[in-house]
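When we follow our numbering, the leftmost residue of the sequence shown carries the number 5, and every step to the right adds one. For each residue, glycine too, the CB sits at the ideal point set by N, CA and C. These figures come from a predicted structure and were not determined experimentally. One structure is given here, and the rest of the page talks about it.
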Amino acid sequence: ISDLHLGEEGFGLVKEMREQPGAGDAYALRCAKAAVREATAWGADLLVIKGDITELGLPHHWELFDELLATITIPVIAIPGNHDTFGKPGSLDATAELQRRGLFPETVSSWDFDGIRVVAADTTTPRHTWGRIRHLSDELSAAVDADGPALLLLHHHLETHFYPRIWPLGTPKRQADGVLDQLIDTNPDILVSSGHTHRNRSRRMGSAVLTEVGATKDHPGVWAGYVAHPTGIRQVVRRVADTS
Numbered sequence: 005i006s007d008l009h010l011g012e013e014g015f016g017l018v019k020e021m022r023e024q025p026g027a028g029d030a031y032a033l034r035c036a037k038a039a040v041r042e043a044t045a046w047g048a049d050l051l052v053i054k055g056d057i058t059e060l061g062l063p064h065h066w067e068l069f070d071e072l073l074a075t076i077t078i079p080v081i082a083i084p085g086n087h088d089t090f091g092k093p094g095s096l097d098a099t100a101e102l103q104r105r106g107l108f109p110e111t112v113s114s115w116d117f118d119g120i121r122v123v124a125a126d127t128t129t130p131r132h133t134w135g136r137i138r139h140l141s142d143e144l145s146a147a148v149d150a151d152g153p154a155l156l157l158l159h160h161h162l163e164t165h166f167y168p169r170i171w172p173l174g175t176p177k178r179q180a181d182g183v184l185d186q187l188i189d190t191n192p193d194i195l196v197s198s199g200h201t202h203r204n205r206s207r208r209m210g211s212a213v214l215t216e217v218g219a220t221k222d223h224p225g226v227w228a229g230y231v232a233h234p235t236g237i238r239q240v241v242r243r244v245a246d247t248s
């Protein structure tokens with residue numbers, strides 16, 4: 005799941021919608037809980053949260069995250085997003101908050117799980133919206149070096165044009181291309197999945213498949229399921245059905 009934005013109070017950009025008083029859990033938390041319920045019922049063995057967990061990283065936003073974690077019955081991996089690392093007054097250090105909960109031990113972390121190498125990396129640039137990845141190239145290459153397929157999970161998407169054509173800004177192409185080429189040389193069976201854009205999109209670069217998955221908080225939200233096969237990885241994106 006991606007882009008929970010726990011603590012956000014209004015939905016929409018131009019004509020903002022707000023919850024009626026007494027609606028129970030705020031919609032961002034309600035949608036995240038619904039996505040988790042449906043992914044677990046689908047049969048997920050591992051839940052990965054790909055950043056923008058909170059709206060601004062404030063203490064009460066992280067408390068909402070604890071409410072969500074209390075409902076999850078499977079192992080969890082989580083990485084920070086730019087909304088977690090903006091450094092707004094009163095915000096908490098996202099890396100420390102995730103490590104304190106045992107969810108993300110290193111800047112690049114990997115796990116071998118049911119025939120697939122799962123790698124998660126922190127691409128945030130503190131106090132900025134865009135991402136960076138070049139400084140992680142060697143660590144990422146070592147992490148995806150596996151006998152089977154690798155699933156690399158990031159918050160920021162890898163830009164495909166030198167001058168970005170969509171908002172928000174991802175990881176610049178001048179950084180992304182060289183790192184992706186290096187990863188493909190190490191393991192050609194790689195799927196890179198990100199959040200950040202709140203869009204659902206898939207494209208191919210060389211032998212790698214790059215996907216973006218939308219937000220849980222964009223009512224009713226989406227989540228993505230991944231299944232590992234001996235020859236690759238299958239991704240299915242599903243719209244949340246019940247946010248009650």
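The Cβ-Cβ distance between leucine 155 and valine 122 falls below 8 Å. Counting the other CB atoms within 10 Å of its CB gives valine 231 a total below 16, which places it among the exposed residues.
Positions of the beta strand (DSSP E) runs, each at least 3 residues long and wholly inside the stretch 158–240, are given as 194–198, 205–209, 212–216, 226–233 in order along the chain.
Residue range 141–148 is occupied by the alpha helix (DSSP H) that includes serine 141. When the five nearest sequence neighbours on each side are left out, the beta carbons in the same chain lying within less than 7 Å of the beta carbon of glutamate 23 are those of Ala30, Tyr31, in order along the chain.
For the pair alanine 219 and histidine 9, the CB atoms are nearer than the 8 Å cut-off.
In the three-state DSSP reduction, threonine 89 falls in the coil class, being neither helix nor strand. When Asn191, Lys221, Ala82, Leu158 are compared, the shortest CA-CA separation from glycine 199 is found for Leu158. Annotation: the continuous alpha helix (DSSP H) that includes arginine 34 extends over 31–46. Here the stretch 56–65 makes contact with the stretch 89–96; the two share three or more CB pairs at distances below 8 Å. Rounded to whole angstroms, leucine 51 and glutamate 12 show a C-alpha spacing of 22 Å. Under the DSSP definition of a beta bridge, threonine 58 partners with Leu10. The Cβ atoms of leucine 144 and alanine 124 lie no closer than 8 Å to each other.
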